[in-house]
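Right, one structure below, let's go through it.
Number of protein chains: 2
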Amino acid sequence: MPRVVDPAERRREITGAVLRVVRRDGLENASVRNVAREAGLSMGSLRHYFATQSELMAFAFRSVIERIDDRVAGLAPEPDTRERVERTLLQLLPLDDERRAENEVWLAFTTRAAYDRALRPLRDEGYDALRAACHAMITDLSAAGLAPADVPAQAGRLHALLDGLAVHAAMRPDLHTAESLSAIIACHLDGLAVECRAARRRGGADESGGEEPGGGRGEPGR
Amino acid sequence: MPRVVDPAERRREITGAVLRVVRRDGLENASVRNVAREAGLSMGSLRHYFATQSELMAFAFRSVIERIDDRVAGLAPEPDTRERVERTLLQLLPLDDERRAENEVWLAFTTRAAYDRALRPLRDEGYDALRAACHAMITDLSAAGLAPADVPAQAGRLHALLDGLAVHAAMRPDLHTAESLSAIIACHLDGLAVECRAARRRGGADESGGEEPGGGRGEPGR
DNA sequence: CGTTATATAGCACGACTGTGCTACAAAGCA
DNA sequence: TGCTTTGTAGCACAGTCGTGCTATATAACG
Numbered sequence: 000m001p002r003v004v005d006p007a008e009r010r011r012e013i014t015g016a017v018l019r020v021v022r023r024d025g026l027e028n029a030s031v032r033n034v035a036r037e038a039g040l041s042m043g044s045l046r047h048y049f050a051t052q053s054e055l056m057a058f059a060f061r062s063v064i065e066r067i068d069d070r071v072a073g074l075a076p077e078p079d080t081r082e083r084v085e086r087t088l089l090q091l092l093p094l095d096d097e098r099r100a101e102n103e104v105w106l107a108f109t110t111r112a113a114y115d116r117a118l119r120p121l122r123d124e125g126y127d128a129l130r131a132a133c134h135a136m137i138t139d140l141s142a143a144g145l146a147p148a149d150v151p152a153q154a155g156r157l158h159a160l161l162d163g164l165a166v167h168a169a170m171r172p173d174l175h176t177a178e179s180l181s182a183i184i185a186c187h188l189d190g191l192a193v194e195c196r197a198a199r200r201r202g203g204a205d206e207s208g209g210e211e212p213g214g215g216r217g218e219p220g221r
Numbered sequence: 000m001p002r003v004v005d006p007a008e009r010r011r012e013i014t015g016a017v018l019r020v021v022r023r024d025g026l027e028n029a030s031v032r033n034v035a036r037e038a039g040l041s042m043g044s045l046r047h048y049f050a051t052q053s054e055l056m057a058f059a060f061r062s063v064i065e066r067i068d069d070r071v072a073g074l075a076p077e078p079d080t081r082e083r084v085e086r087t088l089l090q091l092l093p094l095d096d097e098r099r100a101e102n103e104v105w106l107a108f109t110t111r112a113a114y115d116r117a118l119r120p121l122r123d124e125g126y127d128a129l130r131a132a133c134h135a136m137i138t139d140l141s142a143a144g145l146a147p148a149d150v151p152a153q154a155g156r157l158h159a160l161l162d163g164l165a166v167h168a169a170m171r172p173d174l175h176t177a178e179s180l181s182a183i184i185a186c187h188l189d190g191l192a193v194e195c196r197a198a199r200r201r202g203g204a205d206e207s208g209g210e211e212p213g214g215g216r217g218e219p220g221r
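Protein chains in written order, with numbering that gives the first Met the number 0: chain A, 0 to 221; chain B, 0 to 221.
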């Protein structure tokens with residue numbers, strides 16, 4: 000038939016339909032039929048692009064992960080460590096409608112991956128990527144004297160905080176505004192800086208150098 | 000027929016079957032038929048106790064919430080603030096198999112509540128209860144000089160950390176042992192205490208009294 | 001032109017779903 | 001004793017599901 004649009008473009012359209020259905024009706028209602036209807040395609044046509052349902056779902060899940068990756072990678076360079084980390088973290092939080100949608104879909108897929116083996120590698124990939132990002136951010140902060148030196152533990156803490164905020168934002172979008180989410184992130188970063196300074200003052204066994212040794216701005220624990 | 004067992008007991012048995020199926024096959028496979036088979040009952044018999052599926056699910060969800068409440072309420076009294084809070088938090092984390100099961104089921108129900116209105120009041124109830132518990136714990140810590148005075152923000156932070164850890168434990172039970180989860184909780188509590196001491200030292204505007212004014216034990220940020 | 005690959009459409013099958021309904025056995029009560 | 005309530009069982013209906021399959025129309029290529 001008419002190669003009127005690029006097949007990859009069609010796949011992206013279909014993926015968009017998947018995400019809309021998942022958001023509106025839940026993952027369990029994202030049947031091949033419902034997705035085809037949402038995309039304005041026949042069932043047979045959809046199955047031309049995705050032979051099976053799990054293929055369709057895996058592709059949609061991957062596209063969400065990639066979109067998040069792209070957004071973080073696309074951040075403007077920022078020399079100030081604290082500012083760079085904070086912006087990165089905010090980019091990972093569901094602060095606007097687009098990210099809220101991604102976040103809900105991520106949660107749905109993540110939950111299903113608990114018993115759907117086909118989704119598990121993807122889920123683990125996303126988890127590992129975020130874990131690594133948290134590790135890198137804590138490393139940077141620690142080097143700048145803005146976080147304690149026990150990097151793995153602090154990375155785990157930050158990672159859990161991040162995903163917890165994401166879950167809460169999905170559960171109660173009314174209670175979790177962009178402002179309240181950002182405030183908690185800022186509070187956590189302030190807290191890490193204070194912990195680090197305190198550790199250096201007393202033990203002094205903290206080997207962290209210091210690009211801005213005295214200077215997390217803002218009141219600690221605001 | 001034979002009133003051989005208490006009807007309430009039967010309902011609890013059926014609830015147990017629901018939880019087993021949800022854990023093993025996911026919430027979307029917890030059909031009336033599957034639950035009946037798991038419970039060793041006929042479909043019609045099950046429907047004698049739960050007229051509709053959503054009634055069954057709501058009951059099962061509620062039972063999970065109540066079990067968590069009971070466990071926290073059943074904690075032995077503990078005069079030391081820090082110890083008491085830490086024990087409470089550990090009680091809320093999926094550290095053993097029973098709590099892991101509850102946690103997975105909680106996650107499944109919570110996710111479904113995003114588009115299933117019947118589950119939403121229950122989900123909100125659970126959320127609010129945990130939120131209130133976090134608020135109370137931070138209040139206690141703050142009064143004891145073991146947490147900063149900005150209670151609402153710190154409560155939100157702790158709440159998110161808690162749910163984030165729960166999600167992570169459900170996603171990657173292998174990576175999140177009871178030890179690693181406990182360590183992160185301890186790390187967070189240590190951090191809060193350090194933040195509080197630092198705030199009092201510099202600003203001094205911290206009105207917190209002090210049941211053990213100098214004394215969070217353990218190294219900060221272990 | 002004809003041939004082939006691509007894209008769209010839609011039907012059919014078997015499986016599974018929730019629930020309405022009837023049938024029947026046993027217990028409680030008259 | 002008989003009658004009513006309660007518990008158990010299972011069938012039937014209408015609906016949805018994923019997917020195998022065929023049919024057809026257009027674009028690309030010979």
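Quick reminder that beta carbons are idealized off the backbone N, C-alpha and C, glycines included.
Distance between beta carbons of residue j and residue i, contact taken as under 8 Å
i	j	result
Cys133 of chain B	Ala112 of chain B	The pair is not a contact, with the Cβ atoms about 20 Å apart (cut-off 8 Å).
Leu74 of chain B	Arg86 of chain B	6 Å
Leu188 of chain A	Val84 of chain A	7 Å
Inter-residue spacing [alpha-carbon to alpha-carbon] between residue i and residue j
i	j	result
Ser141 of chain B	Ala135 of chain B	10 Å
Pro219 of chain B	Arg10 of chain B	Reliability of the predicted coordinates at Pro219 of chain B is poor, the pLDDT of 42 falling under 50, and no value is obtained from them.
Leu191 of chain A	Leu129 of chain A	19 Å
Val166 of chain B	Val71 of chain B	19 Å
Asp95 of chain A	Asp173 of chain A	13 Å
Ala29 of chain B	Gly43 of chain B	16 Å
Arg122 of chain A	Asn33 of chain A	24 Å
Met170 of chain B	Gly125 of chain A	11 Å
Ile13 of chain B	Pro78 of chain A	59 Å
Gly215 of chain A	Arg98 of chain B	For Gly215 of chain A, the predicted model reports a pLDDT of 39, less than 50, meaning its position is unreliable and no value from the coordinates is stated.
Cys195 of chain A	Arg81 of chain A	13 Å
Gly15 of chain B	Ala38 of chain B	8 Å
Ala7 of chain A	Asp127 of chain A	27 Å
Arg199 of chain A	Leu88 of chain A	25 Å
Glu65 of chain B	Ala100 of chain B	14 Å
Asp139 of chain B	Ser41 of chain B	51 Å
Ala146 of chain A	Cys186 of chain A	13 Å
Thr176 of chain B	Tyr48 of chain B	38 Å
Val63 of chain B	Pro93 of chain B	13 Å
Ala148 of chain B	Asp69 of chain A	38 Å
Ser181 of chain A	Pro76 of chain B	36 Å
Val31 of chain A	Ala131 of chain A	35 Å
Gly144 of chain B	Arg201 of chain A	18 Å
Asp5 of chain A	Ile137 of chain B	56 Å
CB contact flag (residue i, residue j, <8 Å)
i	j	result
Leu18 of chain A	Ala59 of chain A	yes
Ile67 of chain A	Ala152 of chain B	no
Asn102 of chain B	Ala168 of chain B	yes
Leu45 of chain A	Ala57 of chain A	no
Glu27 of chain B	Glu27 of chain A	yes
Val193 of chain A	Val193 of chain B	yes
Any C-beta of chain A under 8 Å from that of residue i
i	result
Asp5 of chain B	no
Tyr48 of chain B	no
Asp162 of chain B	yes
Met170 of chain B	yes
His134 of chain B	no
Val84 of chain B	no
Leu222 of chain B	Because chain B is modelled from 0 through 221, residue 222 of chain B falls outside the range shown and cannot be assessed.
Glu97 of chain B	no
Ala182 of chain B	yes
Ala143 of chain B	no
Arg91 of chain B	Here residue 91 of chain B is Leu; the residue named in the question, Arg, does not match the sequence. For Leu91 of chain B, the answer is no, since every Cβ of chain A falls outside 8 Å of its Cβ.
Within-8 Å CB hit, residue i to chain B
i	result
Glu65 of chain A	no
Ala35 of chain A	no
Glu194 of chain A	yes
Arg2 of chain A	Because the pLDDT of Arg2 of chain A is 49, which lies under 50, any placement of that residue in the model is unreliable, and the number read from its coordinates should be weighed accordingly. No, Arg2 of chain A lies away from the interface with chain B (no Cβ there is under 8 Å from its Cβ).
Pro212 of chain A	Since pLDDT at Pro212 of chain A reaches only 42, below the 50 mark, its modelled position is unreliable, and the value read off the structure follows with that caveat. No, its Cβ sits nowhere closer than 8 Å to a Cβ of chain B.
Ser41 of chain A	no
Glu54 of chain A	no
Thr51 of chain A	no
Ser30 of chain A	no
Asp79 of chain A	no
Arg111 of chain A	yes
Subject >> Segment contact, 8 Å Cβ cut-off, at least three pairs: the segment 150-169 of chain A with the segment 148-164 of chain B >> reply: Touching, yes, given that three or more Cβ pairs across the two stretches are closer than 8 Å.
Original post:
Per the contact definition of three or more C-beta pairs closer than 8 Å, is the segment 106-124 of chain A in contact with the segment 43-63 of chain A?
Top reply: Short answer: they touch.
Original post:
When the Cβ atoms of the segment 97-112 of chain A are set against those of the segment 11-30 of chain A, are three or more pairs found closer than 8 Å?
Top reply: With three or more CB-CB distances shorter than 8 Å, the segment 97-112 of chain A counts as touching the segment 11-30 of chain A.
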